[in-house]
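Okay, structure first, notes after.
In our numbering, the protein residues as written are 205 to 617.
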């Protein structure tokens, strides 16, 4: 890297037309300190070592056969060209109906719901829509790894507020609302939250929504709520969506994902609900990022959503998998943390090793054939001592046979 932050890249001469070009390019990297994500690194390592991949958060089973049949039907019906920029009307109407039935929020499908190319695109679009140079955007750390790069690409400054870490008295992660309140300044433009929370599995309750309302009431702060695991909440808890509170919904982008709900992460289809004024700014950017999203998949999802059992039965489906993994890990030297939501389970490995999290995750993958994700990777400084709590993340969105095979290996650790 050059002293001024530019990155020197060697060009290659594969094509004749390029031979006359410069031998070197100087690229002013917008993300000079960002490399390949931990998910790619660990999944690649799992493939190379033939390890069981409980790291990256994707199911190893197919979506419902009925949903796949709807895709075939949509393609056969000729729905193979560009969809409308905000999404096909039938899918936006189905999202509006679902959101109203679950949370009581009335979003206008014409002006307040946008179908996106996955939740990650929706989150970046929301951040770019409201944050710019000199602005600050608060994130709760540990956090999903796309938030901070998106904030920096907007020219804004990420401000990390740590979640309250597990203690013997309170063994799970939880928000530190006093710290959030202290972090708000006149330059704060947005607050990004994610509950159910990746990677910790933490969820909100009504008292948290009360606190959010109080914190944001007299500010101009926009709330960006990543709720992709909205239907994966356990033990008869109710998902505390910001859409339940009109005062919060009025200042919020609510983002969700069909990939997480219907086991279709490879389809990359999500959506964003927001008031008309925010949606208008969102769509200005969305139309130049992807313009439109896969047409036959949208038609299939709009039909599949007609039966609410497909998402209402999801908590029980994943709770059984959580319980299976948790019970199995109790027969190992790992110590599990509470998992009230998402399809991730955290485990403490301090009885096994005192190695830093990234080092332990690589060792477990290469030596024992089970890939996991270090929680330190969800911190801005993964090498800092405070980021290394000897915790790793297991994904249980897997076939029972996959979980059982992994547990057999983990018993020998």
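For glycine and all other residues, C-beta sits at the position ideal for the given N, C-alpha and C.
Residue from the options with nearest C-alpha to residue i
i	options	result
residue 546	430, 493, 308 and 380	430
residue 573	240, 230, 253 and 243	253
residue 597	360, 553 and 497	553
residue 451	386, 270, 308 and 355	308
residue 614	256, 241, 265 and 230	256
residue 146	262, 373 and 441	Past the boundaries of the shown model lies residue 146; the chain is included only from 205 to 617, so the question cannot be answered.
residue 604	566, 531 and 536	531
residue 367	406, 355, 335 and 390	406
residue 354	373, 328, 371 and 338	328
residue 261	608, 616, 319 and 601	601
residue 469	248, 556, 265 and 492	265
residue 499	239, 263, 616 and 295	295
residue 501	258, 275 and 607	275
residue 458	317, 273 and 298	317
residue 449	421, 284 and 259	421
residue 315	607, 297, 305 and 513	297
residue 489	332, 271 and 426	332
residue 386	356, 423 and 492	423
residue 401	557, 550 and 272	550
residue 471	238, 343 and 272	272
residue 303	409, 434 and 394	434
residue 529	606, 559, 248 and 241	606
residue 240	350, 263 and 555	350
residue 244	492, 280, 381 and 566	566
residue 321	473, 373, 281 and 310	473
residue 544	592, 559, 439 and 534	439
Cβ pair residue i, residue j closer than 9 Å
i	j	result
residue 313	residue 579	no
residue 396	residue 419	no
residue 446	residue 416	yes
residue 571	residue 594	no
residue 369	residue 335	no
residue 268	residue 466	yes
residue 444	residue 482	no
residue 323	residue 460	yes
residue 575	residue 278	no
residue 486	residue 330	yes
residue 389	residue 340	yes
residue 319	residue 515	no
residue 478	residue 287	no
residue 392	residue 425	yes
residue 568	residue 494	no
residue 577	residue 342	no
Continuous alpha helix (DSSP H) stretch holding residue i: start and end
i	result
residue 569	561-572
residue 352	351-357
residue 245	242-253
residue 296	293-307
residue 463	462-465
residue 362	Careful: residue 362 lies outside any alpha helix (DSSP H), inside the beta strand (DSSP E) at 361-366.
residue 409	Segment: none, residue 409 is in no alpha helix (DSSP H) and carries neither H nor E.
residue 515	513-516
residue 452	450-453
With 16 other Cβ atoms within 10 Å as the buried cut-off, status of residue i
i	result
residue 348	buried
residue 612	exposed
residue 230	exposed
residue 411	exposed
residue 371	exposed
residue 233	exposed
residue 326	buried
residue 464	buried
residue 455	buried
residue 235	exposed
residue 589	exposed
residue 263	buried
residue 305	exposed
residue 492	exposed
residue 270	exposed
residue 592	buried
Range of the contiguous beta strand (DSSP E) that encloses residue i
i	result
residue 395	392-398
residue 494	First-last for residue 494: undefined, no H or E at that position.
residue 345	340-345
residue 377	Premise fails: residue 377 is in no beta strand (DSSP E) and is neither H nor E.
residue 553	Looking at the DSSP string, residue 553 is not in any beta strand (DSSP E), and its letter there is neither H nor E.
residue 318	317-320
residue 270	Note, residue 270: premise wrong, no beta strand (DSSP E); alpha helix (DSSP H) at 269-280.
residue 597	595-599
residue 611	Not the beta strand (DSSP E): residue 611 falls in the alpha helix (DSSP H), residues 604-614.
residue 427	426-430
Could you tell me whether the stretch 287-297 touches the stretch 430-448, using the rule of 3 or more Cβ pairs below 8 Å?
no
Given 8 Å, three or more beta-carbon pairs between the stretch 513-523 and the stretch 371-387
no
Check whether the stretch 507-521 and the stretch 361-370 are in contact - that is, three or more C-beta pairs closer than 8 Å.
no
Within 8 Å, do at least three Cβ pairs link the stretch 583-592 to the stretch 534-541?
no
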